[in-house]
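The numbering used here puts the first residue of the sequence shown at 18, with every later residue one more than the last. Backbone N, C-alpha and C fix where the C-beta goes; we use that ideal spot for every residue, glycine too. Please read these numbers as outputs of a predicted model, since none were measured by experiment.
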Amino acid sequence: MAETDLTPRFMPAHWRRDLDLFLAERAAGMNGYLLARQRLPSVAHLQSLNDSELASMGLKRADIPAFVFEDMLTE
């Protein structure tokens, strides 16, 4: 996948909504914008997969934010 300069403001609305909700619930006191910006390439890559590819990884589309941030933001 080519390197793309992604910013949260230009993400598709449903990606932004899911990511914003995830960060608001779990990243209190952290700069959600900076966290999100660093990991947008991972979000974009996973969003580009079809549902069966995500399922083979044990993921649903709604799981993408938690998966991308699992090392730093636990439930």
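- Under the criterion of beta carbons closer than 8 Å, residue 40 and residue 53 qualify as touching, at roughly 6 Å.
- Between residue 82 and residue 35, the C-beta spacing is below 7 Å.
- The beta-carbon distance between residue 84 and residue 51, rounded to whole angstroms, is 19 Å. This is too long to meet the 8 Å contact definition.
- Assigned with DSSP and collapsed to three states, residue 42 falls in helix.
- When DSSP states are grouped into helix, strand and coil, residue 80 belongs to the helix group.
- Straight across, the Cα-Cα distance linking residue 60 with residue 89 is about 15 Å.
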